[in-house]
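Trainee: All you need for the working numbering is the position in the sequence shown, starting with 1, plus 3. Ideal Cβ positions, reconstructed from N, Cα and C, are used throughout, including at glycine. Please find one structure pasted underneath; my questions will follow.
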Amino acid sequence: LDHLSTLRAQLNQTQRDLTLIDAELAIMDAKDRGEISLEQSVPEETVDAMLLRDPQFAEFRERLSAIEESMAYQAERSARGGNDPAVKRLEAMRDAMMRRLEDRKEELRPQIVGQLAMDSTNRRTGAAAESPVVLRMRREILAQQLEQTTKDFDKVASEVKTLGAANADLMARKQEIEQLMKVTDQMGVQLNATEIDVNMPNRVELIEEASVPEGSDELFRSMLSALAALGGLVLGGGSVVLFEYLRDRVSIPEEVSQRVGLRVIGTVPQISRSRKRANDGHVAECVDGIRAVISQTGREAPKVILVTSAVEHEGKTTFAAQLAASLARSGKRTLLLDGDLRHPNAHLALGLDLRAGLPELLRGEISPDEAVQPTAIDGLFAITGGVCDYAAITALSRPETAALLKSLRDSFDHVVIDAGPVLAFADVLLLGQLSDLAIVATMRDVSRMPQVTSAVDRLRSVGIRVLGTVVNGVSDSNRRRLYASPIPA
Numbered sequence: 004l005d006h007l008s009t010l011r012a013q014l015n016q017t018q019r020d021l022t023l024i025d026a027e028l029a030i031m032d033a034k035d036r037g038e039i040s041l042e043q044s045v046p047e048e049t050v051d052a053m054l055l056r057d058p059q060f061a062e063f064r065e066r067l068s069a070i071e072e073s074m075a076y077q078a079e080r081s082a083r084g085g086n087d088p089a090v091k092r093l094e095a096m097r098d099a100m101m102r103r104l105e106d107r108k109e110e111l112r113p114q115i116v117g118q119l120a121m122d123s124t125n126r127r128t129g130a131a132a133e134s135p136v137v138l139r140m141r142r143e144i145l146a147q148q149l150e151q152t153t154k155d156f157d158k159v160a161s162e163v164k165t166l167g168a169a170n171a172d173l174m175a176r177k178q179e180i181e182q183l184m185k186v187t188d189q190m191g192v193q194l195n196a197t198e199i200d201v202n203m204p205n206r207v208e209l210i211e212e213a214s215v216p217e218g219s220d221e222l223f224r225s226m227l228s229a230l231a232a233l234g235g236l237v238l239g240g241g242s243v244v245l246f247e248y249l250r251d252r253v254s255i256p257e258e259v260s261q262r263v264g265l266r267v268i269g270t271v272p273q274i275s276r277s278r279k280r281a282n283d284g285h286v287a288e289c290v291d292g293i294r295a296v297i298s299q300t301g302r303e304a305p306k307v308i309l310v311t312s313a314v315e316h317e318g319k320t321t322f323a324a325q326l327a328a329s330l331a332r333s334g335k336r337t338l339l340l341d342g343d344l345r346h347p348n349a350h351l352a353l354g355l356d357l358r359a360g361l362p363e364l365l366r367g368e369i370s371p372d373e374a375v376q377p378t379a380i381d382g383l384f385a386i387t388g389g390v391c392d393y394a395a396i397t398a399l400s401r402p403e404t405a406a407l408l409k410s411l412r413d414s415f416d417h418v419v420i421d422a423g424p425v426l427a428f429a430d431v432l433l434l435g436q437l438s439d440l441a442i443v444a445t446m447r448d449v450s451r452m453p454q455v456t457s458a459v460d461r462l463r464s465v466g467i468r469v470l471g472t473v474v475n476g477v478s479d480s481n482r483r484r485l486y487a488s489p490i491p492a
């Protein structure tokens, strides 16, 4: 087998050598006939490799790579993608740099081709072994070797095939013998086990005859039933208590005060679609009460009020819109600012279209007068979310944002900011430092106590004044429903 493998390797090597010689002879003949020009004889990969040695060409390639990386980064961060003005400028720079690379390549290519052709001529002159005559002689010798090696290979392969058939028959006989030996061993083991079982004494001994009990076990059965019922009751109650403990959600407003240590400044009832008209009145009354609490927090009523929550879907946007509407109904010129840059929804609460808003203001693309739009409520105006990108988010930490909030303070009596969740992004912390106070919205049976605690601690850690929390989705008490009287719409 080793000899056969050696012959196969020699056969393959001889065939490869013949193929290479035939290729070299064909190329030489084509060059002599003028079918291959000087430039065509030089591979494009060789030209590219030589171009990389040129310092100016290498510098152009590095600058092109840097421009393409900047384009990809800007397009990924911008909400406009490839339509962003900065991306367009980078595309123009990239096209100009690619033209300079092509010009440099065309300038250097004749020099590189000439140099490579000269090197090839020198090598051919100094190496007589590469002449056509020598190559044809080598081909004849290799052809003879190939013929002899093929004969030897066929002969050895025939012998190996004959030996292989004999070995296969021997292996089959060997496997049959091994199988018979295994069967014999198993039969011996079974015979020994049977002999041991026959000689062993009896393992079972009769101690007492079976009899039917004369007494009644009704009392014992009753006790077992009572214990089973008691165990089921304890297990069911314990499961309910354990489930409520692990769930750890806000169920009543008093839990927030007791466990988080945060003042509950009001509650908002659960909105029912079947009784939307009646619910609107209850919601307005509750929010008006919260507005009164906010107005009495200090000597001067706060002008910039931040509304946030620990995570999403806790009713912060709905409450922010209701609070802004309540302030407007009290005769105050109020602005609802959608500060949730990544997921703006304040325009939906007011029934407005999503227009250019806070992100465009932060990027300096529009003025505050262009961003403010009126609503259906007298005295209430809004700045919607707009189209957010990385440039708008980074602009939150710049001094221009503080100047923007100051101009809004001067233009309106109150500014209500619908900010994003505290535990999701740092945007709310930057907006909170520019506000007078913050209100954390929670939702009954949705908000988790540990998350609310973490959100409050995070706000206070950067010096934001947290006035309290508003619990949404609270059912009206019977006392409130009995006292309430219908109010004409």
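Can you grab the Cα-Cα spacing for the pair A441 / D413, in whole Å?
Mentor: Counting from one through the sequence shown, the residue named residue 441 turns up at place 438. Counting from one through the sequence shown, the residue named residue 413 turns up at place 410. Cα to Cα, the separation comes out at about 20 Å.
Trainee: According to the Cβ coordinates, are L340 and D430 closer than 8 Å?
Mentor: Within the sequence shown, the letter at position 337 stands for residue 340. Within the sequence shown, the letter at position 427 stands for residue 430. No. Outside cutoff.
Trainee: Express the C-alpha separation of M96 and I70 in angstroms, rounding to a whole number.
Mentor: Against the sequence shown, residue 70 aligns to sequence position 67. Against the sequence shown, residue 96 aligns to sequence position 93. Their backbone Cα atoms lie some 7 Å apart in a straight line.
Trainee: Roughly how many angstroms lie between the CA atoms of V296 and V90, to the nearest whole one?
Mentor: To locate residue 296, count along the sequence shown from 1; it is residue 293. To locate residue 90, count along the sequence shown from 1; it is residue 87. Rounded to whole angstroms, V296 to V90 spans 49 Å at the Cα level.
Trainee: Which whole-angstrom value describes the C-beta separation of V443 and V469, a residue pair presumed to lie in contact below a C-beta threshold of 8 Å?
Mentor: As a working mapping, residue 443 is identified with position 440 in the sequence shown. As a working mapping, residue 469 is identified with position 466 in the sequence shown. With 8 Å as the limit, V443 and V469 qualify as a contact, their Cβ atoms being about 6 Å apart.
Trainee: What number of angstroms, rounded off, separates the C-alpha of T152 from the C-alpha of D5?
Mentor: Mapped onto the sequence shown, residue 152 falls at position 149. Mapped onto the sequence shown, residue 5 falls at position 2. Approximately 15 Å, taken between the alpha carbons.
Trainee: Report yes if the CB atom of L14 is closer than 8 Å to the CB atom of F156, and no otherwise.
Mentor: By 1-based counting over the sequence shown, the position of residue 14 is 11. By 1-based counting over the sequence shown, the position of residue 156 is 153. Yes. Within cutoff.
Trainee: CB A495 to CB V455, shorter than 8 Å?
Mentor: Since the first residue of the chain shown is 4 and the last is 492, residue 495 is not available in this structure.
Trainee: Count the C-beta pairs between the segment 318-332 and the segment 458-472 that are closer than 8 Å, then say yes if the count reaches three, no if not.
Mentor: They do not touch, by the three-pair rule.
Trainee: Taking only the alpha-carbon atoms, compute the straight-line gap between Q114 and C391 and give it to the nearest angstrom.
Mentor: By 1-based counting over the sequence shown, the position of residue 114 is 111. By 1-based counting over the sequence shown, the position of residue 391 is 388. Those two C-alpha atoms are separated by around 52 Å.
Trainee: Which one or two residues does DSSP pair with T445 in a beta bridge?
Mentor: Stepping through the sequence shown from its first residue, residue 445 is reached at position 442. V474.
Trainee: Give me the Cα-Cα distance between E162 and R112, rounded to the nearest whole angstrom.
Mentor: Residue numbering aside, residue 162 sits at position 159 when the sequence shown is read from its first letter. Residue numbering aside, residue 112 sits at position 109 when the sequence shown is read from its first letter. One C-alpha to the other measures close to 59 Å.
Trainee: Which residues mark the beginning and the end of the beta strand (DSSP E) in which V307 is found?
Mentor: Residue 307 sits at position 304 when you count from the first residue of the sequence shown. It spans 307-312 - the beta strand (DSSP E) in which V307 sits, taken as one unbroken run.
Trainee: Which stretch, first to last residue, makes up the alpha helix (DSSP H) that contains G435?
Mentor: Numbered from 1 along the sequence shown, position 432 holds the residue referred to as residue 435. Taken as a continuous stretch (DSSP letters only), the alpha helix (DSSP H) holding G435 covers 430-435.
Trainee: Report the option in L236, R92, D439, D51 whose CA atom is closest to the CA atom of G301.
Mentor: Counting from 1 along the sequence shown, the entry for residue 301 is found at position 298. Answer by Cα proximity: D439.
Trainee: Taking the alpha-carbon positions, what's the A385 to P377 distance?
Mentor: To locate residue 385, count along the sequence shown from 1; it is residue 382. To locate residue 377, count along the sequence shown from 1; it is residue 374. Straight-line Cα distance between these residues: approximately 6 Å.
Trainee: P371 to S73, Cα distance in whole Å?
Mentor: Taking the sequence shown and counting its residues from 1, one reaches residue 371 at position 368. Taking the sequence shown and counting its residues from 1, one reaches residue 73 at position 70. Going from the Cα of P371 to the Cα of S73 covers about 31 Å.
Trainee: Using 10 angstroms around the beta-carbon of I144, count the other beta-carbons present and answer buried if the total reaches 16, otherwise exposed.
Mentor: Stepping through the sequence shown from its first residue, residue 144 is reached at position 141. Exposed, by the Cβ-count rule.
Trainee: Check whether chain B comes within 8 Å of M184, counting only Cβ atoms and requiring the distance to be less than that.
Mentor: In summary, chain B is missing from the structure at hand, where a single protein chain is found.
Trainee: Going by C-alpha distance, which of E181, V310, G367 is nearest A398?
Mentor: By 1-based counting over the sequence shown, the position of residue 398 is 395. If we check each option's Cα against that of A398, G367 comes out closest.
Trainee: Where do the N-terminal and C-terminal ends of the beta strand (DSSP E) with F384 fall, by residue?
Mentor: Counting from one through the sequence shown, the residue named residue 384 turns up at place 381. Run containing F384: 383-386, per the beta strand (DSSP E) assignment.
Trainee: Going along the chain, which unbroken runs of the alpha helix (DSSP H) with 4 or more residues stay wholly within the segment 294-361?
Mentor: 319-332, 349-353, all fully within the segment 294-361.
Trainee: Can you tell me whether M467 is buried or exposed, with buried defined as 16 or more other CB within 10 angstroms of its CB?
Mentor: Here the question's residue 467 lines up with position 464 in the sequence shown. In the sequence under discussion, the amino acid at residue 467 is Ile, which differs from the Met named in the question. Buried, since its Cβ has 16 or more Cβ neighbours within 10 Å.
Trainee: As a quick exercise: from I308, L437, A328, pick the residue whose alpha carbon is nearest that of C289.
Mentor: Reading the sequence shown from its first residue, position 286 is the one you call residue 289. That would be A328, whose Cα lies nearest to the Cα of C289.
Trainee: Starting from D421 and walking both ways along the alpha helix (DSSP H), at which residues does that stretch end?
Mentor: Locating residue 421 in the sequence shown gives position 418, counting from the first residue. It is not in any alpha helix (DSSP H) - D421 instead sits in the beta strand (DSSP E) that spans 417-422.
Trainee: Using a Cβ-Cβ cut-off of 8 Å (strictly less than) and excluding sequence neighbours within five positions of L10, which residues of its own chain qualify?
Mentor: Locating residue 10 in the sequence shown gives position 7, where the first residue counts as 1. Here the set comprises T152, D155, F156, V159.
Trainee: Based on Cα-Cα distance, which residue from A304, Q18, I308 lies nearest to L149?
Mentor: Residue mapping note: residue 149 aligns to position 146 of the sequence shown, counting from 1. Comparing Cα positions, the closest option is Q18.
Trainee: Just to confirm the assignment, what range does the beta strand (DSSP E) spanning V253 have?
Mentor: Here residue 253 refers to the residue found at position 250 of the sequence shown. Element bounds for V253: n/a, residue is neither H nor E.
Trainee: Pick helix, strand or coil for L440, following the three-state DSSP scheme.
Mentor: As a working note, residue 440 is residue 437 in the sequence shown. Strand.
Trainee: Could you pull the start and end residues of the beta strand (DSSP E) that I268 belongs to?
Mentor: By one-based count along the sequence shown, residue 268 stands at place 265. 267-272 is the span of the beta strand (DSSP E), which, as asked, contains I268.
Trainee: Could you pull the DSSP bridge partners for P377 from this structure?
Mentor: Taking the first residue of the sequence shown as 1, we reach residue 377 at position 374. F384.
Trainee: If you count every other CB in all the chains shown that lies within 10 Å of the CB of A405, and 16 or more means buried, which is it?
Mentor: Within the sequence shown, residue 405 is the residue found at index 402, counting from 1. It counts as exposed.
Trainee: In the structure shown, what three-state DSSP assignment does R451 receive?
Mentor: Along the sequence shown, one-based indexing puts residue 451 at 448. Strand, per DSSP.
Trainee: Cβ of V477 within 8 Å of Cβ of V310?
Mentor: Working through the sequence shown from its first residue, we reach residue 477 at position 474. Working through the sequence shown from its first residue, we reach residue 310 at position 307. No, the pair does not count as a contact, with Cβ atoms beyond the cut-off.
Trainee: Apply the 10 Å Cβ neighbour rule to L194 and answer buried if 16 or more other Cβ atoms are within range, or exposed otherwise.
Mentor: As a first step, residue 194 is located in the sequence shown; it is residue number 191 there, counting from the start. Exposed is the call here.
Trainee: So, helix, strand or coil for V469, using DSSP?
Mentor: Counting from 1 along the sequence shown, the entry for residue 469 is found at position 466. In the structure shown, V469 sits in a strand (DSSP, three-state: E or B).
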